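Visitor: The sequence shown begins at 0 in numbering that gives the first Met the number 0 and counts up by one.
Even glycine gets a Cβ: it sits at the ideal position worked out from N, Cα and C.
If you're wondering where the values come from, they're calculated on a predicted model, not measured in any experiment.
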Amino acid sequence: MGWRHGRVSTPKLLSMTLALLPLLSISVLAQEVSLHGHEGTVTHASSHAPIGVMGDHMHKKGEWMLSYRAMHMDMAGSQKGSRNISPETIVTTEANRFFGTAGQPATLRIVPTQMTMDMQMVGAMFAPTDRLTLVGMVNHLSKDMDHITFQGGAGTTQRGEFNTKTSGWGDTKIAGLISLYQDGRHVLHVKAGVSLPTGSIDEDDDVLAPNGATPVLRLPYAMQLGSGTYDLEPNITYTGHHGRLGWGGQYNATFHLGDNSENYSWGDKHEFSVWGSYDWTHNLSSSLRVIAETEEAIDGIDPSIVAPVQTADPDHYGGERVTVGVGTNYAFKTGVLKDHRLAFELSAPVYQDLNGVQLERNWAVTVGWQKAF
Ligand SMILES: [Cu+2]
0 MGWRHGRVST
10 PKLLSMTLAL
20 LPLLSISVLA
30 QEVSLHGHEG
40 TVTHASSHAP
50 IGVMGDHMHK
60 KGEWMLSYRA
70 MHMDMAGSQK
80 GSRNISPETI
90 VTTEANRFFG
100 TAGQPATLRI
110 VPTQMTMDMQ
120 MVGAMFAPTD
130 RLTLVGMVNH
140 LSKDMDHITF
150 QGGAGTTQRG
160 EFNTKTSGWG
170 DTKIAGLISL
180 YQDGRHVLHV
190 KAGVSLPTGS
200 IDEDDDVLAP
210 NGATPVLRLP
220 YAMQLGSGTY
230 DLEPNITYTG
240 HHGRLGWGGQ
250 YNATFHLGDN
260 SENYSWGDKH
270 EFSVWGSYDW
280 THNLSSSLRV
290 IAETEEAIDG
300 IDPSIVAPVQ
310 TADPDHYGGE
320 RVTVGVGTNY
330 AFKTGVLKDH
340 RLAFELSAPV
350 YQDLNGVQLE
360 RNWAVTVGWQ
370 KAF
């Protein structure tokens, strides 16, 4: 957990401060809200969950919705478990699982220092009945990773730095949302979802090896664009609303079916998210969300990914993480943009306990546009 060790980044501080604002307003205004009463069937900005939550709402029979989301995530510095670890410590103490293979040193010699991921998501929803909403989404990904290469087989002398990039379509998601319960205040639905392996898992780029060579190699798992497997993505979502207050919870699971063509499978993932929101006006709401997630390590190994770097080791994936997000939803009520919605959510981990040595997640932001027809 970076901030406990004195590496507090500005975005993280900012988001933590912002996170307190909606919490304060909720407690201060709770009494006013209890007097505020029902507001009939008016659509609130907060009738949609924070924009980082997927499949949070259903539609009425015959309704369509289009959406666009852009997410940017920033990772920097490494952690071993929940503690920071420096590049120099990594290359002198962390074993290289490929040691014994020709040319492979005993310890790791390449350390990722920073990674960014940009994901653009275009989605459509359609409700053939009030009880069922169909959802489809395509993703476009761009990933960028910086590294330091250390010289030769031992020591802490740096050879140089290099960067790798990948971009392209990710996996495609299709799902059905099925209503379980609905009254004026509470809504409960489940999602039956599948992820189709449309994203590439054989991306390569040139790297700087410890001996100074710059071969083109299959990039580690973290830089690939898809899972390579068909994945089941069920969830269950509850939302509630009373006066100016909204709240909700969602449990999401990802199960990767079988092994992909390169002989591995990403770890199954479970994510639980709870949120509260407050309507400043019918147009504008703020939200606070807490996300707890656990993900298993990668199972199996891609025989083409062999390098003295933490990201090439399937055991150095997955872990546990708690993230806090603050968001804003805005729904236009009049004018040419009537019924268009804009939203953003900024999040930062407050706790990360990672399997092995991994880059530490710093912050992420999602912005989105939605329009129902
Ligand atoms: Cu929708």
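Over what stretch of residues does the beta strand (DSSP E) that includes glutamate 294 continue unbroken?
Guide: Segment 283-294, the beta strand (DSSP E) holding glutamate 294.
Visitor: CB tyrosine 316 to CB glycine 266, shorter than 8 Å?
Guide: Yes, Cβ-Cβ distance for tyrosine 316 and glycine 266 is below 8 Å.
Visitor: Which residue comes first and which comes last in the beta strand (DSSP E) that contains proline 111?
Guide: First-last of the beta strand (DSSP E) with proline 111: 109-128.
Visitor: Would you say the beta carbon of methionine 116 is closer than 7 Å to some non-hydrogen atom of ligand 1?
Guide: For ligand 1, not one heavy atom lies less than 7 Å from the Cβ of methionine 116.
Visitor: Report buried or exposed for glycine 183, applying the criterion of at least 16 other Cβ atoms within 10 angstroms of its Cβ.
Guide: Exposed, by the Cβ-count rule.
Visitor: Drop a sphere of 10 angstroms on the beta-carbon of histidine 188, count the other beta-carbons inside from all chains shown, and report buried for 16 or more, exposed for fewer.
Guide: With 16 or more Cβ atoms within 10 Å of its Cβ, histidine 188 is classed as buried.
Visitor: Since glutamate 202 contacts glycine 227 with CB under 8 Å, what's their CB separation in whole angstroms?
Guide: Contact flag wrong, Cβ pair sits at about 12 Å.
Visitor: If you drop the 5 nearest sequence neighbours on each side, which residues of the same chain put their C-beta closer than 6 Å to that of leucine 231?
Guide: Contacts found: Phe254.
Visitor: Within 7 Å: the Cβ of glutamine 369 and any heavy atom of ligand 1?
Guide: Yes, ligand 1 has a heavy atom inside 7 Å of this Cβ.
Visitor: Rounded to whole angstroms, what is the Cα-Cα separation between valine 206 and glycine 80?
Guide: So the two alpha carbons sit approximately 27 Å from each other.
Visitor: Alpha carbon to alpha carbon, how far is aspartate 338 from methionine 64? Give it in angstroms, no decimals.
Guide: Approximately 11 Å between the Cα atoms of the pair.
Visitor: To which residues does DSSP link methionine 70 through a beta bridge?
Guide: Answer is Met118 and Thr365.
Visitor: What number of angstroms, rounded off, separates the C-alpha of glutamate 93 from the C-alpha of glycine 151?
Guide: Each residue's alpha carbon lies about 15 Å from the other.
Visitor: With DSSP collapsed to three states, give me the class of histidine 255.
Guide: Histidine 255: strand per DSSP, three-state reduction.
Visitor: Closer than 7 Å: is that where the CB of histidine 56 sits relative to any heavy atom of ligand 1?
Guide: The answer is yes for histidine 56.
Visitor: Nearest to serine 276 by CA position, among Gly242, Ile304, Ala291 and Arg82, is which residue?
Guide: Of the candidates Gly242, Ile304, Ala291 and Arg82, the one whose C-alpha sits nearest the C-alpha of serine 276 is Gly242.
Visitor: Give me the Cα-Cα distance between threonine 327 and glutamine 249, rounded to the nearest whole angstrom.
Guide: Distance between the alpha carbons of threonine 327 and glutamine 249 is about 18 Å.
Visitor: Since threonine 132 and valine 186 should fall inside the 8 Å C-beta cutoff, what is the C-beta to C-beta distance between them, to a whole number of angstroms?
Guide: Rounded, the Cβ-Cβ distance is 12 Å, inconsistent with contact.
Visitor: Between which two residues does the beta strand (DSSP E) harbouring valine 186 extend?
Guide: That run of the beta strand (DSSP E) goes 185-195.
Visitor: Within 10 angstroms of the Cβ of arginine 340, are there 16 or more other Cβ atoms? Answer buried if so, exposed if not.
Guide: Buried, since its Cβ has 16 or more Cβ neighbours within 10 Å.
Visitor: Among the candidates Met124, Thr163 and Leu216, whose CA atom is the shortest distance from the CA of lysine 172?
Guide: Of the candidates Met124, Thr163 and Leu216, the one whose C-alpha sits nearest the C-alpha of lysine 172 is Met124.
Visitor: Do you know how far the Cα of threonine 91 is from the Cα of leucine 303?
Guide: First, the amino acid is wrong: residue 303 is serine here, not leucine. Serine 303 and threonine 91: Cα-Cα distance of roughly 25 Å.
Visitor: Beta carbon of methionine 64: closer than 7 Å to some heavy atom of ligand 1?
Guide: Yes, the beta carbon of methionine 64 sits closer than 7 Å to at least one heavy atom of ligand 1.
Visitor: What are the uninterrupted segments assigned as beta strand (DSSP E) that are 3 or more residues long and contained completely in the region 298-339, given in chain order?
Guide: Taking only runs of at least 3 residues, the beta strand (DSSP E) segments lying wholly in the region 298-339 are 318-330.
Visitor: Under the three-state reduction of DSSP, which class applies to valine 215: helix, strand or coil?
Guide: DSSP places valine 215 in strand when its eight states are reduced to three.
Visitor: Would you identify the three-state DSSP class for glutamate 87, choosing helix, strand or coil?
Guide: In the structure shown, glutamate 87 sits in a helix (DSSP, three-state: H, G or I).
Visitor: Return the first residue and the last residue of the beta strand (DSSP E) that tyrosine 277 is part of.
Guide: Here the beta strand (DSSP E) through tyrosine 277 covers 268-278.
Visitor: Out of Asn162, Lys332 and Trp168, point me to the one whose CA is closest to asparagine 282's CA.
Guide: Taking only the C-alpha atoms, the option nearest asparagine 282 is Lys332.
Visitor: Which same chain residues, not among the five before or five after threonine 156, have their C-beta less than 8 Å away from its C-beta?
Guide: Result list for threonine 156: Phe149 and Gln150, in chain order.
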